[in-house]
Structures are given as C-alpha cells and as structure tokens.
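Written below as structure tokens is the structure these notes are about.
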Amino acid sequence: SYALYPHMTVYDNMAFSMKIGKESKAEIDKRVRQAAEILQLTKYLDRLPKAMSGGQRQRVAIGRAIVRNPKVFLFDEPLSNLDAALRVATRIEIAKLKESMPNTTMIYVTHDQVEAMTLADRIVVLK
C-alpha cells in the first residue's frame, strides 16, 4: 500500500489534502500539475491507482507530499517492496526530486547500502 485512495484518480489523490485544507481550485491545480511534472506523472493524472505500476504508485504517494510544500520528507524504506529494476529507476527519480527541491530536508531510512550511498549527503548508522 502506498497510502493512496483506490477510488480516486491520481489527480484527486494528489489534491486531497489541499481540498481538505480549503485551498483555491486554481492553487490546487497549479501545485498538482507542478508535482506531476516533477514526477513524470502528467499523462497519468486521470488514472486510478490500480491501473498503474508499483513505481508509478510510489511517485503518486510522493506527489501527495510534494503538493503540500513540506520542509521535511521522511522516506521509510520506500523502495523495499519494488523489484530490482524498478528500485533502480525509482532511486534515480528520488535523487532527481532531491535536486529539484534543494531547500527541503529529506530523511531516508534504508538497510540498502547502495541506496544510502546513492542518495545521501550525510549518512547516519544506527545500531
């Protein structure tokens, strides 16, 4: 599960928190479309989650956070349930996301050393 509402389109999933927060329709549309562009989801905005791959669903879940303009992202093993090829592709997308949001802190929890070395500016090892 990527915490997506299965009965809502990608657009509606990404816009949900802003609708609840009573944001204007114009602002919602602007931020959802910006996030979709960053995550390469523009052509999927009218799809339901069941019609998407695991990696695409993962990006929709990230998009739900992006539209809120967070100061901090917490990724808790986001790639652990993806196959190897999809894991590599999604890792690259997360790295691009990190570069596109330089003023946002990203905390990334993983047991995978390759993920840590690929994505980190700093690494903390906990026992």
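According to the numbering used here, the stretch in the sequence shown is residues 650 to 776, in order. C-beta: ideal position from N, C-alpha, C; glycine also.
- Under the three-state reduction of DSSP output, Thr739 falls in the helix class.
- Counting only residues of its own chain and dropping the five nearest sequence neighbours on each side, Asp725 has a CB closer than 6 Å to the CB of Val758.
- Using a 10 angstroms sphere on the CB of Val774, the tally of other CB atoms stays under 16, which defines it as exposed.
- According to DSSP, Phe665 shares a beta bridge with no other residue.
- Rounded to the nearest whole angstrom, the C-alpha separation of Ser673 and Met667 is 8 Å.
- Around the CB of Arg736, 16 or more other CB atoms lie within 10 Å, so the residue is classed as buried.
- With a threshold of 16 other beta carbon atoms within 10 Å, Asn662 meets it and is buried.
- Taking a cut-off of 8 Å on C-beta distances, the stretch 704-716 touches the stretch 686-693, as three or more cross pairs fall below it.
- Within its own chain, the residues whose Cβ lies closer than 8 Å to the Cβ of Val721, once the five positions on either side in sequence are excluded, are Thr753, Thr754, Met755, Ile756, listed in chain order.
- Here Asp725 is bridged, per DSSP, to Val758.
- Here Arg771 is exposed: its Cβ has fewer than 16 other Cβ atoms, across all protein chains shown, within 10 Å.
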